[in-house]
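Undergrad: For the sequence shown, the tail end lands on 405 under the working numbering, and the numbers increase by one without skipping. Even glycine gets a Cβ: it sits at the ideal position worked out from N, Cα and C. Keep in mind that this is a model prediction, so the values were computed, not measured. My structure is below; once you've seen it, I'll send some questions.
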Amino acid sequence: MSDPKEYTIGWICALSTEHTAACLFLDEEHDQPDPDHIAAGDDNAYTLGSMAGHKVVIAVLPHGEYGTTTAATVATNMLRSFPSIKVGLMVGIGGGAPTKEHDIRLGDVVVSSPQNGKGGVYQYDYGKRIQDREFIPTGHLNQPPSVVLTAMTLLVSKFERKGNQIRETIDAILEENTRLKKKYGPPKFDHLYVSDFVHPQDDEGQGCGAFCETQPSKLIQRRPREDDEDDTAVHLGLIASGNSLMKDALMRDALASKGILCFEMEAAGLMNRFPFLVVRGICDYSDSHKSKEWQGYAAMTAAAYTKALLKVMIPKRVESEERLARILENR
């Protein structure tokens, strides 16, 4: 059985779709740990394996339990059971906030990028009025270890020189797992609607095919990406995390004007305690036109970026970082 003390990378997913995507990128899957080595009271479900020379433990939130409190519990239990974890990653899907400055599209990846010594994820209250006010966060995610920040810088340069190869990497994995192509492959259409066009309330939960897609004047026209651009773009910047789903295009735009690139829910539970990096594949535009069509592919793009990050992260450098469990003990 696997020894929990050998694992240095902790990877948390919120959804089973994200967990499946993460496992597809493992180079090798390991045996489950000895139950006697798991901390008392830890009910997390773990998948262990190796990825890019690192020993990785992947945890997924309990089925049907999403949001901030659950994420904090899963992270705390993971660090209790796997005391050698040096790098924490929260990887999955999120809603994009496209602007003229940031051409964010479905399937793109947004990575939390620290600013002013603080992590790149901010918590705030969706209910607070933000019109004509500066963006005032109510909490922030602590900055990841230096080994992560160094790897992010290296990856920016590598992607600029060689392209990120995210689409090609996913295509290769799905060729080996053809039964997953329908759910985890890239959908055909990417529709961004003007902000004041709201999905009909009586059609809530249904796709946009019946009504919205019959209104071409409401679509924002965007140029195709050029041959010298990656099909899947990677954006580094601020992620907003709250305790409710963002599905209001006007509020999205107001926060996007203050630098927010992406919205999600779970990372808010790690605020002010855990130095995790957050990686989000974009599955919708944080508006009323939400659907699950892009979730599988978005989970794959987030996992693909994360593996690319681990590839440029030297295992010995990771081992020299402070254990996250000790950081928590000292607070």
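Compare the C-alpha of Tyr81 against each of His128, Ile112 and Glu102 and name the closest.
TA: To locate residue 81, count along the sequence shown from 1; it is residue 7. Here the closest residue by C-alpha is His128.
Undergrad: Near Gln106, what residues of its chain come up, given a Cβ to Cβ distance below 8 Å and the 5 sequence neighbours on each side ignored?
TA: The residue labelled residue 106 in the question sits at position 32 within the sequence shown. Hits under 8 Å: Met75, Ser76, Tyr120 and Leu122.
Undergrad: If I measure Cβ to Cβ from Met374 and keep anything under 6 Å in the same chain, skipping five residues before and after, which residues do I get?
TA: As a working mapping, residue 374 is identified with position 300 in the sequence shown. Taken in chain order, the residues that qualify are Ala95, Ile244 and Tyr258.
Undergrad: Report the rounded CA-to-CA distance for His93 versus Glu249, giving the unit in angstroms.
TA: What you label residue 93 is simply residue 19 of the sequence shown in a count that begins at 1. What you label residue 249 is simply residue 175 of the sequence shown in a count that begins at 1. Here the C-alpha atom of His93 lies approximately 19 Å from the C-alpha atom of Glu249.
Undergrad: Taking the straight line between their C-alpha atoms, what separation do you get for Thr144 and Glu340?
TA: Looking up residue 144 in the sequence shown gives position 70. Looking up residue 340 in the sequence shown gives position 266. Roughly 8 Å between the two C-alpha positions.
Undergrad: Can Ala126 and Leu344 be called in contact, C-beta distance under 8 Å?
TA: Locating residue 126 in the sequence shown gives position 52, where the first residue counts as 1. Locating residue 344 in the sequence shown gives position 270, where the first residue counts as 1. No. Outside cutoff.
Undergrad: Name the DSSP bridge partner or partners of Thr121?
TA: Position 47 of the sequence shown, counting from 1, holds the residue named residue 121. Note: Thr121 is bridge-paired with Ile132 in the DSSP secondary-structure output.
Undergrad: How close, in whole Å, do the beta carbons of Val222 and Val161 come, if the pair is a contact with beta carbons under 8 Å?
TA: Walking along the sequence shown from the start, residue 222 turns up at place 148. Walking along the sequence shown from the start, residue 161 turns up at place 87. Between Val222 and Val161, the beta carbon gap of about 6 Å places them in contact (Cβ cut-off 8 Å).
Undergrad: Can you look up Leu335 in the DSSP assignment and give me helix, strand or coil?
TA: Walking along the sequence shown from the start, residue 335 turns up at place 261. Looking at Leu335 - three-state DSSP - the assignment turns out to be strand.
Undergrad: DSSP has Trp85 in a bridge; who is on the other side?
TA: Here residue 85 is taken as the residue at index 11 of the sequence shown, counted from 1. Beta-bridge pairing links Trp85 to Ile132 and Leu163.
Undergrad: Quick one: give me the first and last residue of the alpha helix (DSSP H) that Asp327 is part of.
TA: Position 253 of the sequence shown, counted from the start, is the residue given in the question as residue 327. That run of the alpha helix (DSSP H) goes Ala323 to Ala330.
Undergrad: By Cβ distance, which residues of its chain are closer than 8 Å to Ile240, with the 5 residues on each side in sequence left out?
TA: Numbered from its first residue, the sequence shown carries residue 240 at position 166. Result list for Ile240: Val183, Asp304, Asp305, Thr306, Val308, Thr375, Ala378, Tyr379 and Ala382, in chain order.
Undergrad: DSSP three-state call for Gly169: helix, strand or coil?
TA: For the purposes of this step, residue 169 is taken as the residue at position 95 of the sequence shown. Residue state, collapsed to three classes: strand.
Undergrad: Given a threshold of 16 other Cβ atoms within 10 Å of its Cβ, counted over all protein chains shown, does Lys390 qualify as buried or as exposed?
TA: In the sequence shown, residue 390 corresponds to position 316, counting from 1. It is exposed - the Cβ of Lys390 has fewer than 16 other Cβ atoms within 10 Å.
Undergrad: Inspect the beta-carbon positions of Ser187 and Gly181 and report whether they are closer than 8 Å.
TA: Translated into the one-based positions of the sequence shown, residue 187 becomes position 113. Translated into the one-based positions of the sequence shown, residue 181 becomes position 107. No; because the gap between Cβ atoms is not below 8 Å, this pair is not in contact.
Undergrad: Ile83 to Val130, Cα distance in whole Å?
TA: As a first step, residue 83 must be located in the sequence shown, where it is residue number 9. As a first step, residue 130 must be located in the sequence shown, where it is residue number 56. Their Cα atoms are separated by approximately 5 Å.
Undergrad: For Gly127, name the three-state secondary structure that DSSP assigns.
TA: Within the sequence shown, numbered from 1, the residue matching residue 127 stands at position 53. Of the three classes helix, strand and coil, the one that applies to Gly127 here is coil, per DSSP.
Undergrad: Starting from Val221, trace the beta strand (DSSP E) in both directions and tell me its first and last residue.
TA: By one-based count along the sequence shown, residue 221 stands at place 147. Secondary structure note for Val221: it is in no beta strand (DSSP E), and the uninterrupted alpha helix (DSSP H) holding it is Ser220 to Lys236.
Undergrad: For Ala323, is the classification buried or exposed, using 16 other Cβ atoms within 10 angstroms of its Cβ as the cut-off for buried?
TA: Taking the sequence shown and counting its residues from 1, the one referred to as residue 323 is at position 249. Result: buried.
Undergrad: Ignore the nearest five residues each way along the sequence and tell me which others in Lys236's own chain have a CB closer than 7 Å to its CB.
TA: Here residue 236 corresponds to residue number 162 of the sequence shown, with the count starting at 1. Around Lys236: no qualifying Cβ.
Undergrad: Does the distance from the CB of Val353 to the CB of Val185 come in under 8 Å?
TA: Position 279 of the sequence shown, counting from 1, holds the residue named residue 353. Position 111 of the sequence shown, counting from 1, holds the residue named residue 185. For Val353 and Val185, yes; Cβs fall inside 8 Å.
Undergrad: Per DSSP, what are the beta-bridge partners of Arg354 in this structure?
TA: Here the question's residue 354 lines up with position 280 in the sequence shown. Partner(s): Gly166 and Val184.
Undergrad: Could you tell me the alpha carbon to alpha carbon distance between Ser291 and Glu234, rounded to whole angstroms?
TA: Position 217 of the sequence shown, counting from 1, holds the residue named residue 291. Position 160 of the sequence shown, counting from 1, holds the residue named residue 234. With a pLDDT of 48 at Ser291, under the threshold of 50, the modelled position of that residue is not reliable, and no figure is offered here.
Undergrad: Within 10 angstroms of the Cβ of Val268, are there 16 or more other Cβ atoms? Answer buried if so, exposed if not.
TA: Here residue 268 refers to the residue found at position 194 when the sequence shown is read from its first residue. When all chains shown are included, Val268 counts as exposed.
Undergrad: Can you check which of these residues, Gly115, Ser124 and Gln295, is closest to Leu153 by C-alpha distance?
TA: On the sequence shown, residue 153 is found 79 positions in, with the first residue counted as 1. Of Gly115, Ser124 and Gln295, the residue nearest in Cα terms is Gly115.
Undergrad: How should His137 be labelled, buried or exposed, when 16 other C-beta atoms within 10 angstroms of its C-beta is the threshold for buried?
TA: Translated into positions along the sequence shown, residue 137 becomes position 63. Result: exposed.
Undergrad: Given a cut-off of 8 Å on the beta-carbon distance, is the pair Gly170 and Ile388 in contact?
TA: As a first step, residue 170 must be located in the sequence shown, where it is residue number 96. As a first step, residue 388 must be located in the sequence shown, where it is residue number 314. Contact flag unset, no.
Undergrad: Between Arg297 and Asp177, what straight-line distance do the alpha-carbon atoms span, to the nearest angstrom?
TA: Within the sequence shown, residue 297 is the residue found at index 223, counting from 1. Within the sequence shown, residue 177 is the residue found at index 103, counting from 1. Each residue's Cα considered, the two are about 10 Å apart.
Undergrad: Could you check if Pro109 is buried or exposed, using at least 16 other CB atoms within 10 Å of its CB as the buried criterion?
TA: The residue labelled residue 109 in the question sits at position 35 within the sequence shown. The residue is exposed, with fewer than 16 neighbouring Cβ atoms inside 10 Å.
Undergrad: Given this structure, state the Cα-to-Cα distance separating His265 from Val272, to the nearest angstrom.
TA: Locating residue 265 in the sequence shown gives position 191, counting from the first residue. Locating residue 272 in the sequence shown gives position 198, counting from the first residue. Answer to the nearest angstrom: the Cα atoms are 13 Å apart.
Undergrad: Can you tell me which of the three DSSP states His176 falls into?
TA: Translated into positions along the sequence shown, residue 176 becomes position 102. In this structure, His176 counts as coil in the three-state DSSP scheme.
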